[in-house]
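Numbering (the working numbering), first residue to last: 3 to 440. Glycine is no exception: its CB is placed at the ideal position from the N, C-alpha and C atoms. What follows is a short report on a single structure.
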Amino acid sequence: MDLKPTKPLSGFIELLPAQQRCFDECARRMRGVLQIAGFSLLDLPAIERAEVLSDKDNWDEIETQMFLFQYGDTKMGLRYDGTVGLSRFVAGHLNDLVFPFRASQFSKRYRGERRQRGRYREFYQMDMDIMGINTLSINYDAEIISVIQQALNSVSEFIGDNYVRIGSRPFWDALFDYLKLDSRQRKEVFVLIDKRDKMGEEEFALGLSDTLKNKKVENEIKSVFISGYEKFLNKSDKLDAAISELTGFMEKLKQFGVKNAEIDLSIARGLAYYTGLVFEFKLTDHPELQTAAGGGRYADLVEKFSKTKIIGVGAAIGFSRIFVALMESGAIDLSRWERPVDVAILVMGDDNLQYALTVESALRAAKIPSVAYLDTDKKFKNQIEYADKIMAKYSMIIGEDEVKNKVVSVKDMATGEQQTLSVADAIKLVTGGAKNDN
RNA sequence: GCGGAUGUAGCUCAGCUGGUUAGAGCGUCGGUUUGUGGUACCGAAUGUCGCCGGUUCGAAUCCGGUCAUCCGCCCCA
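Next up, the structure:
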């Protein structure tokens with residue numbers, strides 16, 4: 003009989019136990035940051051109606067980007083980000099929620115795209131969004147950035163330091179107005195700006211001239227990246243407004259305690275739904291990784307679900323992406339996550355099982371991760387080998403003598419020292435040892 | 001969808017220009033006297049050499065196709 007494959011599908015992530023423990027610890031810390039900051043942690047459906055996920059009605063086209071399927075007459079798909087589902091949720095629960103509404107999701111996302119380095123078809127992202135009705139102060143944009151930085155900092159021992167760069171959609175809109183670009187040109191130029199990092203100066207210039215065919219306009223756009231935004235002051239009211247919003251925002255970020263922030267107008271965030279300021283986080287120690295987190299303000303996303311004007315600012319941390327990349331490169335030290343339990347209980351024969359289980363219960367009641375080796379008929383050698391392999395700090399040996407005297411033989415697996423103790427003293431030894439270890 | 005590379009034991013791979021029972025290391029399991037591991041030694045199991053076809057007396061090895069994987073592009077939160 004042919005055996006079935008053991009490898010997961012391409013683009014799907016499987017973590018080994020130690021990796022998973024480390025991942026879970028990171029997730030716990032980041033969720034903790036969000037919860038303390040007053041964000042409701044939501045767990046929305048992974049499957050949405052196709053019409054919720056996409057406005058495009060060209061099934062073939064969107065199928066290459068999403069996992070789609072049909073059940074009866076209902077076309078549906080797996081969520082590829084968290085914000086679309088959240089918009090639907092908020093629009094559907096306007097009466098139940100308090101605004102500004104603060105929500106966070108740490109959940110799996112799905113993309114149908116082809117495998118590529120650092121791209122997965124199933125991955126975790128942590129989203130955080132703040133949504134307001136009719137208005138939403140730009141203070142919230144600053145807060146979102148601050149909270150992301152806190153979340154990233156909470157796992158800095160694994161991912162290192164971070165910095166953030168701020169871009170502005172309104173700046174480009176105003177500049178395009180000023181330069182009198184038509185809508186096709188705006189779109190194409192914007193794509194070029196977004197890809198500028200990847201393509202390099204020459205190709206960027208070429209692309210601009212292809213689209214614009216106007217040296218003067220091309221040079222104006224290029225000059226943004228050379229001499230910055232200042233030269234566009236006093237050119238139009240819209241430009242002035244966009245620039246002062248941006249510079250004012252940098253002051254706000256300081257008030258919110260954000261570190262390592264700077265303006266970078268090449269931050270465009272693709273053609274996504276953003277309408278205001280946008281931002282991207284990168285990891286200082288890992289420049290090879292692409293964006294660690296990104297987001298911005300969106301004004302129109304909820305429009306398709308509700309006539310109530312809802313404005314949001316949100317961001318996502320692509321945590322699977324950075325975690326897996328850092329793990330594979332060896333940047334994350336997993337050695338301290340290899341140990342599933344602190345204590346292995348070795349049981350010399352089924353006759354001693356009852357007592358062994360009471361010891362196990364006592365350990366667990368004392369919050370000491372512990373596990374009994376239940377193949378009680380296995381030789382001692384096999385049992386202690388198991389204790390060694392799971393890297394238990396201590397083995398507690400339970401045989402006839404221990405049962406008779408109501409004690410346990412505790413072996414320190416690192417030093418090999420062994421002593422006979424009451425269960426209470428054994429627990430004291432283990433908990434004391436744990437303190438020294440960390 | 002396009003281009004490049006790769007597909008041999010659970011894993012990482014070696015098998016040169018085709019030659020007869022397909023290898024190593026790691027891992028797994030067992031053993032080196034039956035309550036003491038991490039080292040050492042001995043031993044065992046596991047492969048239709050991705051799949052299909054062709055060339056040949058003979059193919060893991062050459063050729064074609066196909067599938068899969070990886071890298072890049074396209075696309076893109």
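Where the beta strand (DSSP E) containing residue i begins and where it ends
i, result
"Ala318", "312 to 319"
"Gln420", "420 to 423"
"Gln67", "Unbroken run through Gln67: none, as it is neither H nor E."
"Ala295", "295 to 300"
"Thr76", "76 to 80"
"Ala263", "263 to 265"
Residue of the options minimising C-alpha distance to residue i
i, options, result
"Val425", "Glu387, Lys254, Ala358, Leu43", "Ala358"
"Asp163", "Gly298, Gln151, Ser411", "Gln151"
"Asp107", "Phe91, Phe307, Gly114, Phe283", "Before going on, a small fix: residue 107 reads as Gln here, not Asp. Among Phe91, Phe307, Gly114, Phe283, the Cα nearest to that of Gln107 is on Phe91."
"Lys311", "Pro102, Gly434, Phe227", "Pro102"
"Ala301", "Thr293, Thr137, Ala270", "Thr137"
"Ala318", "Pro19, Gln72, Ile132, Phe173", "Ile132"
"Phe283", "Gln37, Asn155, Tyr126, Tyr180", "Asn155"
"Arg143", "Ile399, Pro19, Thr8, Val280", "Residue 143 is actually Asp in this sequence, not Arg. Cα-wise, what sits closest to Asp143 is Val280."
"Asp427", "Gly418, Arg113, Lys408", "Lys408"
"Gln421", "Arg113, Ser397, Gly134, Pro7", "Ser397"
"Arg490", "Gly134, Gly169, Leu80", "Because the chain here runs from 3 to 440, residue 490 falls outside it and cannot be looked at."
"Asp493", "Glu53, Ile334, Val86", "Past the boundaries of the shown model lies residue 493; the chain is included only from 3 to 440, so the question cannot be answered."
"Phe307", "Leu88, Thr8, Ile38, Leu181", "Leu88"
"Asn141", "Met252, Gln385, Pro7", "Met252"
"Lys383", "Met350, Val410, Ala374", "Met350"
"Phe41", "Leu70, Pro10, Pro371, Ala153", "Ala153"
"Glu469", "Phe178, Leu248, Leu423, Asp184", "Residue 469 is absent from the model: the chain starts at 3 and stops at 440."
"Ser139", "Gln127, Lys254, Val166", "Lys254"
"Phe55", "Ala394, Arg167, Leu303, Glu124", "The question names Phe, but residue 55 in the sequence shown is Leu. Residue Leu303 is the option with its Cα nearest to Leu55."
"Glu232", "Lys217, Ile265, Met201", "Ile265"
"Gly298", "Glu145, Val100, Asp184", "Glu145"
"Ile370", "Gly434, Glu419, Glu402", "Gly434"
"Asp414", "Ile386, Arg116, Gly401", "Ile386"
"Val373", "Asp352, Val226, Ile392, Leu235", "Ile392"
Where the alpha helix (DSSP H) containing residue i begins and where it ends
i, result
"Lys413", "First-last for Lys413: 410 to 414, but that is the beta strand (DSSP E), not the alpha helix (DSSP H)."
"Glu91", "The residue asked about is misnamed: residue 91 is Phe in this sequence, not Glu. From DSSP, the alpha helix (DSSP H) with Phe91 extends over 85 to 94."
"Glu282", "Taken as a continuous stretch (DSSP letters only), Glu282 belongs to no alpha helix (DSSP H), being part of the beta strand (DSSP E) at 279 to 285."
"Thr249", "239 to 257"
"Arg33", "19 to 38"
"Ser331", "No alpha helix (DSSP H) contains Ser331, which DSSP labels as neither H nor E."
"Ala207", "203 to 214"
"Glu16", "Neither: Glu16 is in no alpha helix (DSSP H) and is coded neither H nor E."
"Ile223", "217 to 229"
"Glu53", "52 to 55"
"Asp403", "402 to 407"
Contact check, residue i vs residue j, beta carbons under 8 Å
i, j, result
"Leu348", "Ile429", "no"
"Arg416", "Ala389", "One point to set straight first is that residue 416 is Ala, not Arg, in the sequence displayed. In this structure, Ala389 does not lie closer than 8 Å to Ala416 by Cβ."
"Val405", "Asn354", "yes"
"Ala295", "Gly320", "yes"
"Leu336", "Ala39", "no"
"Glu220", "Leu210", "yes"
"Gly114", "Phe69", "yes"
"Val157", "Asn262", "no"
"Leu285", "Ile147", "no"
"Leu431", "Val410", "no"
"Arg119", "Met78", "no"
"Gly84", "Asp26", "no"
"Tyr180", "Ser238", "yes"
"Tyr82", "Ser322", "no"
"Gly134", "Leu267", "no"
"Arg31", "Leu43", "no"
"Leu235", "Val149", "no"
"Cys24", "Ile399", "no"
"Thr378", "Asp403", "no"
Requested in this report: Could you name each continuous beta strand (DSSP E) segment of 3 residues or more that falls completely within the segment 348 to 383, going from the start of the chain to the end?
Outcome: Under the rule that a run must span 3 or more residues, the beta strand (DSSP E) segments found entirely inside the segment 348 to 383 read 372 to 375.
Requested in this report: Report the residue ranges of all alpha helix (DSSP H) runs contained in full by the segment 108 to 189; include only those spanning at least 4 residues, in chain order.
Outcome: Runs found: 140 to 156, 158 to 161, 171 to 181.
Query raised in the report: Hey, is the segment 13 to 28 in contact with the segment 43 to 50, meaning 3+ C-beta pairs nearer than 8 Å?
Result: At 8 Å Cβ cutoff, the stretches do not touch.
Query raised in the report: Is the segment 309 to 326 close to the segment 340 to 347, with three or more CB pairs under 8 Å?
Result: Taking 8 Å as the limit for Cβ pairs, the verdict is that the segment 340 to 347 does not touch the segment 309 to 326.
**Report entry** Three CB pairs or more closer than 8 Å across the segment 168 to 177 and the segment 236 to 244
**Finding:** With a cut-off of 8 Å, the segment 236 to 244 and the segment 168 to 177 count as touching, because enough Cβ pairs lie within range.
Query raised in the report: Are the segment 364 to 381 and the segment 187 to 195 touching by the rule of at least three beta carbon pairs closer than 8 Å?
Result: Between the segment 364 to 381 and the segment 187 to 195, the count of Cβ pairs shorter than 8 Å is below three; the stretches do not touch.
Report task. Please determine if the segment 196 to 208 and the segment 267 to 274 are in contact, where contact requires at least 3 C-beta pairs separated by less than 8 Å. Result -> Yes, the segment 196 to 208 is in contact with the segment 267 to 274.
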